[in-house]
Amino acid sequence: MPSSAQRWATTPGIIRNVSTCQAQDRNGWWVIDEWIEGRSLKERLREGSVGRQTAFRFGIAIAEAMRVLHANDIVRRELTPECLLIEQQGERVVLTEFELAKLLDGSPTVSTGEWKVDPYRAPEAESDDVDHRADIYSWGRIMLELLLGSLPEVGTEKSALKKFQLSQPEAKLLGRCLSVSRRSRPNGFDDVLSELKKWNHCDE
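Take any residue in the sequence shown, count from 1 to its spot, add 1289: that is its number in this note's numbering.
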């Protein structure tokens, strides 16, 4: 979706598109993005939990970037630590890789038949009836891993969170984000951010 990338060209938390060109067979596009020195969040998580304060800082940055996408009717469908870049200077979190994104009023960029099994993906993400709440589920799974240092199996999240001793409001928010039923999840990242920013004063 090359033209769509211009909608968020100045958003700090989203990779800036430099150029696009259509493939010779006209069956796709080559996309050139800015180069950012850093490493993926997946690489960072191999070291374990990032700590409470950093987890919430990263979580807020990711949620703010996702809010911009959703405001432009873009659903990621598969938000993972692998597609999040941690900038070397300043540790800015940047959202990359839009191959699996989908316009809410259009077709996805990649068929779900090409997807690999992924523990961050919402249960409904492979259906045609997918909306922004699928990304909220994925965000919740990433937050779990940021806090715990590992990703618990689906269905064991509540017991895993008890080990981290989150406050009741924090645990409740994450529990809602991770609900199998999307109707039980927050309505959008505006709701998520309003809660997150209340707790970001916590020390490590």
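Cβ coordinates follow ideal geometry from the N, Cα and C atoms, glycine included.
Measuring straight from C-alpha to C-alpha, what distance separates residue i and residue j?
i, j, result
"Ala1350", "Arg1333", "16 Å"
"Lys1452", "Leu1440", "13 Å"
"Glu1484", "Ala1460", "11 Å"
"Leu1435", "Val1339", "6 Å"
"Arg1430", "Arg1474", "13 Å"
"Arg1335", "Ala1360", "32 Å"
"His1490", "Ser1470", "Unreliable placement is indicated for His1490, whose pLDDT of 45 sits below 50; no coordinate value is reported for it."
"Thr1398", "Ser1427", "Interpretation of Thr1398 is limited by its pLDDT of 49, a score under 50 that renders its predicted location unreliable; no figure is taken from the coordinates."
"Arg1366", "Arg1410", "7 Å"
"Glu1415", "Lys1447", "25 Å"
"Thr1445", "Leu1467", "11 Å"
"Gly1337", "Asp1417", "35 Å"
"Glu1413", "Gly1477", "16 Å"
"Ile1425", "Glu1386", "18 Å"
Who pairs with residue i in a beta bridge, going by DSSP?
i, result
"Leu1435", "According to DSSP, which records beta bridges pairwise, Leu1435 is partnered with nothing at all."
"Arg1328", "Ile1375"
"Ile1303", "Leu1384"
Could you pull out every residue in the same chain whose Cβ sits closer than 8 Å to the Cβ of residue i, ignoring the five residues on either side in sequence?
i, result
"Leu1482", "Ile1349, Ala1352, Glu1353, Arg1356"
"Gly1302", "Ala1350, Ile1351, Glu1353, Ala1354, Val1357, Arg1381, Val1382, Val1383, Leu1384"
"Glu1326", "Glu1376, Gln1377, Gln1378"
"Ala1449", "Leu1433, Leu1437, Pro1441"
"Leu1455", "Leu1436, Leu1463"
"Lys1487", "Pro1458"
Given residue i, which residues of its chain have a CB within under 6 Å of its CB, disregarding the five upstream and five downstream residues?
i, result
"Asp1479", "none"
"Ser1422", "Just to set this straight, residue 1422 is Arg in the shown sequence, not Ser. The residues are Arg1471, Arg1474."
Who are the Cβ neighbours of residue i in its own chain at under 7 Å, not counting the five residues just before and after it?
i, result
"Ala1344", "Met1432, Leu1435, Leu1436"
"Leu1330", "Pro1370, Leu1373, Ile1375"
"Arg1328", "Ile1375"
"Arg1465", "Ser1473, Arg1474, Pro1475"
"Asp1407", "Glu1367, Thr1369"
Within the present structure, is the beta-carbon of residue i separated from the nearest heavy atom of the ligand COA by less than 7 Å?
i, result
"Leu1334", "For the structure depicted, the ligand COA is absent and the ligand set is empty, with no information on it obtainable."
Kindly indicate if chain B contains any beta-carbon less than 8 Å away from that of residue i.
i, result
"Gln1457", "No chain B appears in this structure, which consists of one protein chain only."
(request) Could you tell me which uninterrupted beta strand (DSSP E) segments, each at least 3 residues in length, are contained entirely in the region 1410-1485, listed from first to last along the chain? (result) Listed in chain order, nothing qualifies, since the region 1410-1485 has no complete beta strand (DSSP E) run of 3 or more residues.
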